[in-house]
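Heads up, the working numbering is the position in the sequence shown plus 524, with the first residue counted as 1.
Cβ atoms here follow ideal geometry from the backbone N, Cα and C, with glycine treated the same way.
Predicted model only: the values in this text are computed from it and were never measured.
Before any comments, here is the structure.
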Amino acid sequence: MGKRLIGRALIYIMLIFNITLAVSAQEPTPSLDTQIEALGDLESWQDISIKGHQLLSHPNLNSKQRFELLKSLAREAFERDDFTTTEQYLKEIELEYVQQPLSDEYYFATKLLAINAYHQGFYTTAIPQYLKALNIASKRNNPLEQANMHNNLGLTYVKTNELGLAISHFGEAQKFYQGLGEMQHEADIMLNMSVVYIRQYQFDVAQEMINTGMKMFSELGDSYGVALANTYLGELFSKKGMTHSARYHFQAAIDYYEQQNNMDHLMVQHANLANVSLVQGEFDKAEKEANFALYYAEKINSDTGRMSALFPLAKAMFVKGELVKAELMVNEAMSLATETGARYLEKDELATLALIQAGAGKHEQALLNFTRYQTNQYEFLNKNVLAKMMEYQNRIEAAELNREITELKQKQAFQTLQIEKREQVIWLSSMVVLSLFIAVVSLYFKQAEKNAKVELREKVAERTAELQRVADELREANQVKNQFLANISHEIRTPLTSIIGQAEAMLNEHGQNFELKTSLGVIQRQGEHLKDLVSDVLDLSRIEAQRLDLEYTEFYLQSLLDDISDMFYNACKVKALQFSIESDNEESVMVKLDYVRLKQILINLLGNAVKFTEHGGVELQVSCQPSGLIFKVLDTGIGMSQEQLSRVFESFQQGDNSITRRFGGSGLGLCLSQQLTDMMGGSISVNSELNKGSEFIVYIPCAPQQRELPQSLEQQQEVSWDYGKVLVAEDHDDNRALFKRLIEQLGLEVVVARNGEEAVELCLREYPDVVLMDIQMPKMDGVEALNLLHQSGFDQPVYALTANVMEHEIQSYLKAGFSGHLGKPLDRKLLIKALQRHISTASELVSSQVDISDLAASFVATLSNERSVIIELWQTQQWESLQRACHRLSGAASTFSFISLANTSRQLEQMLSKEQYKQAEHLYLILCDELQYLGLSEQLDVG
């Protein structure tokens, strides 16, 4: 006899319902809540378990979230038939809330422990757990919880064949469910109760109850309930000997469970089919179906499933004459039935065991087991159970009578409505003519509206086309604007470069005149800044196109304030204004921000403050907070009205036309400052009062740090050597000459190499103290040369000298065996520090700038030849050679401060390394234009 199926739908409904009841009043941490809810989205139980245990150890997990997490883990384990893991999580919840026996959490754990035991087939364990949950539900005074526990107890007592207790609990559950008045509950209890009638061979009553329940489930759209009804009908027809009908209903249930991949039910249904096949005499088919049931039972590690499969399989073995195997199977199955409390199956299979033992010649044991079977059969069909069943049936009939009375009343009410309807028809007929008139008028207006819509659609299409034309014109105008801005920016940079160049030349010439050197230094620094800011004319367009990138570098905040002070002190002095910078930070504060863009913001704000202030003063207040910097620019100028404040950050906007005529300006500064501030993640705001002044507040997020303040430029000392030898390996002639000059000024002997092979030869012959090795060189690159030197026993320090300064590139050089890294353009201070590590110093000298103007001129003179080489390599598609040429050019350009040329060369080199030749074509054309322009220019710093 197959396993009697369970009303599992009701159990799942209770599980979901009680999960929702377990939510506490405390608002959880959103991030943890989200992670807990997301556990159900994971497919693998291993992933769910790992993530769940990570969350359980989270330091911010509160008690409510811990309960939700344990509940979620228990639910996921239960749905995967991992009953042992489910029990572990539920016992953990029960232990934590044992001091709160009436809480939602404790009730949830108690109830689910009972359900978990039931699904494992441990019915004798499930009964006391259900009784405990029923006691808690009664104290909580929750009718639905009490009804559910009574219903579950009835199902469990059916499994242990204690049908009197089952009838009692089903009756109590029905009383509660009737009070709730829901069809779902009525269908569930009717279907569960039908099992008792089947056990007592009351087949007609059972069939009527099952058919009624199936109809209700169909109306509710409950496919799971329909599948359970098919299972019970199959069991009923099997007992009645209607094997074909039984097979039909069992197969209908299997079709549904296969769609749901419900192995728990599949093992039971295949065991039922095996029993049907045995009755039909199809013993091979029965063996096959029993093996299917055994496979699913082992898949989910179910003892009850194994028990249900072993009984029909033993009968099949008996028919095949394998009596020893059959007896072993029956004994194992009966042992499992005794262990789980499934007395009904134990009783049925006593007859099977007696038959097998008789066939094996064990007649005395066979007779004894058959006698036990008869005794148990009489016990199960006792009159007390039948009386309770009649009582329950009378209660159902009374409920049916009440339903019929209700339906009769509804019919009477319907007849009353019919009479009222006839009266209303008379009134409605009088409205027909009026309705027709209204319809005609409505049709007329609808047609007019339709014509108006068509006309409007045509006008909209015409207007859309016109707007598209305007948009195209604006797009073209914007392109013209961008081109104009680019051209004018170039024209301004050309004379500005001459100014900066002259300032640098005078610095080199008059380096010993301190006063002149200070003034020239201000001219040089502010000229350089002005050159950078000329490019900012294009920044608004770049920001709009999302093409402007920030360059974060570390710098001392005090150096920024000193530059600002140098720029605006004299400007305020000319206008007889007081200018001050108030800062609460120490001079050693260092920040990591875009120096140029931050300085540009402050210059815009202070420039406006000076421009619009005639009397009083301008003040810059700087506050250093742990989360960032706060700059306040205050002035006593003309101020702004509320109307002017509303548009102060718009492009090309000033207070009004009179301000533009009086003070000049384009109106771009504040707009650009706001957008740059937003890009840095900060904010800018303004407070102002007309004729009294304005206050601009800028917040820039960063992490200020205290660093040791370096010596001032005037006091900083540089070392000099009386001896020492340095080898420089560099393939570019101008770079090689520059590096040689820089190092020789320090008193060191310099040996130069043009490629890797020459570097190896000179190192082994000259044995220098330090080697500066370029990476990409002809014949042999720097990494190959280093490896060859190490193989030859050369153990002096070798530094990578390259324009590749990305962090991963530097790390790769260090892993290759280089002692360190020096970037291009070469930082003099870093060079000296590197040399000091390996060559002892002899004296200290005051630092001086190195004149490299002749080397820069030599570099510019070679650009025409470089351009010809690059064009030839491109046209002949010698991509590797072209990549090396671009690398060599970018390094030299960086050394002589031709930043644009270096960037273009580096970008083209990267494109070529990725073999993106089509995308590299535009960079190739730009590079050729830049080389031609620089080759013809008379200025050394045009790039």
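Residue i - DSSP class collapsed to helix/strand/coil
i	result
Phe-1155	strand
Ile-1088	helix
Tyr-1247	coil
Met-766	coil
Ala-1253	strand
Thr-864	helix
Met-1203	helix
Asp-746	coil
Pro-667	helix
Glu-567	coil
Leu-585	coil
Tyr-1223	strand
Ala-650	helix
Leu-597	helix
Val-957	helix
Glu-1468	Coverage of the chain is limited to positions 525 through 1467, which leaves residue 1468 absent and any answer about it impossible.
Met-740	helix
Phe-938	helix
Glu-1368	Here Glu-1368 scores only 47 on pLDDT, less than 50, and its place in the model is too uncertain to base an answer on.
Tyr-968	helix
Thr-634	helix
Val-547	Confidence at Val-547 is low in this model, with a pLDDT of 40, below 50, so the placement of that residue should be treated as unreliable; the coordinate-derived value is given next. Coil, per DSSP.
Ser-1316	coil
Thr-610	helix
Residues sharing a beta bridge with residue i, DSSP
i	result
Leu-1144	Ile-1105, Val-1157
Ser-1212	Ser-1218
Gly-1344	Tyr-1323
Ala-985	Note: Ala-985 sits in no beta bridge, so no partner.
Ser-662	Per DSSP, none; premise fails for Ser-662.
Phe-1079	Val-1115
Gln-1440	Partner(s): none; Gln-1440 has no beta bridge.
Ala-1277	Ala-1253
Gln-1230	Val-1113
Asp-1298	Leu-1325
Gln-1149	Gly-1152
Top-ranked residue by Cα proximity to residue i, from the options
i	options	result
Ser-1212	Ile-1334, Gly-1163, Phe-1173	Gly-1163
Val-750	Ala-730, Ala-638, Ala-777	Ala-777
Gly-1088	Glu-1143, Glu-1110, Val-1113	The question names Gly, yet the displayed sequence has Ile at residue 1088. Among Glu-1143, Glu-1110, Val-1113, the Cα nearest to that of Ile-1088 belongs to Glu-1143.
Thr-488	Ala-850, Phe-1092, Ala-1385	For residue 488 there is no data in the structure shown, the boundaries of the chain being 525 and 1467.
Ile-522	Val-1274, Ser-1364, Leu-1196, Ala-1409	This structure does not reach residue 522, given that the chain is present from 525 up to 1467, and the question cannot be answered.
Tyr-1223	Cys-1195, Val-1172, Glu-1285, Leu-1153	Leu-1153
Pro-1228	Ala-1100, Glu-1078, Val-729, Leu-1313	Glu-1078
Thr-828	Met-853, Asp-557, Val-792	Val-792
Met-733	Gly-1347, Leu-744, Val-720, Gly-745	Val-720
Glu-1219	Arg-1265, Lys-1264, Leu-1158	Leu-1158
Met-787	Leu-760, Lys-977, Phe-1422, Asp-605	Asp-605
Gln-1149	Gln-1230, Ala-814, Gly-1271	Gln-1230
Gln-775	Ser-762, Lys-763, Lys-764, Asn-754	Asn-754
Gln-1315	Val-1284, Ser-1104, Glu-618	Val-1284
Glu-592	Gln-559, Glu-863, Phe-969, Leu-566	Gln-559
Gly-885	Val-848, Glu-863, Glu-856, Asn-855	Val-848
His-577	Phe-602, Glu-603, Tyr-613, Ser-555	Tyr-613
Leu-852	Leu-834, Pro-667, Phe-632	Leu-834
Asn-640	Gln-653, Tyr-630, Asp-628, Glu-629	Gln-653
Arg-723	Lys-763, Lys-615, Leu-892	Lys-763
Ser-832	Glu-743, Gly-845, Ala-810, Val-843	Ala-810
His-693	Ile-713, Glu-947, Val-978	Ile-713
message = Pairs of beta-carbons, one from the stretch 1274–1292 and one from the stretch 1313–1321, closer than 8 Å: are there three or more?
response = Flag = yes, the stretch 1274–1292 and the stretch 1313–1321 touch.
task = Report yes or no: do the stretch 832–852 and the stretch 792–799 share at least 3 C-beta pairs separated by less than 8 Å?
result = Segments in contact, yes.
query = Residue ranges of each alpha helix (DSSP H) run of no fewer than 4 residues wholly in the stretch 789–860, ordered along the chain?
reply = Runs of the alpha helix (DSSP H) inside the stretch 789–860: 807–823, 827–843.
ask   = Counting only runs that start and end within the stretch 685–720, where is the alpha helix (DSSP H) found for 4 or more residues in a row?
value = Every unbroken stretch of the alpha helix (DSSP H) spanning 4 or more residues and falling wholly within the stretch 685–720 is given here in chain order: 687–704.
query = So does the stretch 1198–1210 actually touch the stretch 1119–1135, counting three or more Cβ pairs closer than 8 Å?
reply = Yes, the stretch 1198–1210 is in contact with the stretch 1119–1135.
Given 8 Å, three or more beta-carbon pairs between the stretch 1271–1278 and the stretch 1435–1442 = At 8 Å Cβ cutoff, the stretches do not touch.
query = Between the stretch 1442–1449 and the stretch 1413–1421, do three or more beta carbon pairs fall short of 8 Å?
reply = They do not touch, by the three-pair rule.
Completely contained alpha helix (DSSP H) runs for the stretch 1351–1426, where each covers 4 or more residues = Complete alpha helix (DSSP H) runs here, min 4: 1352–1360, 1377–1385, 1387–1399, 1403–1419.
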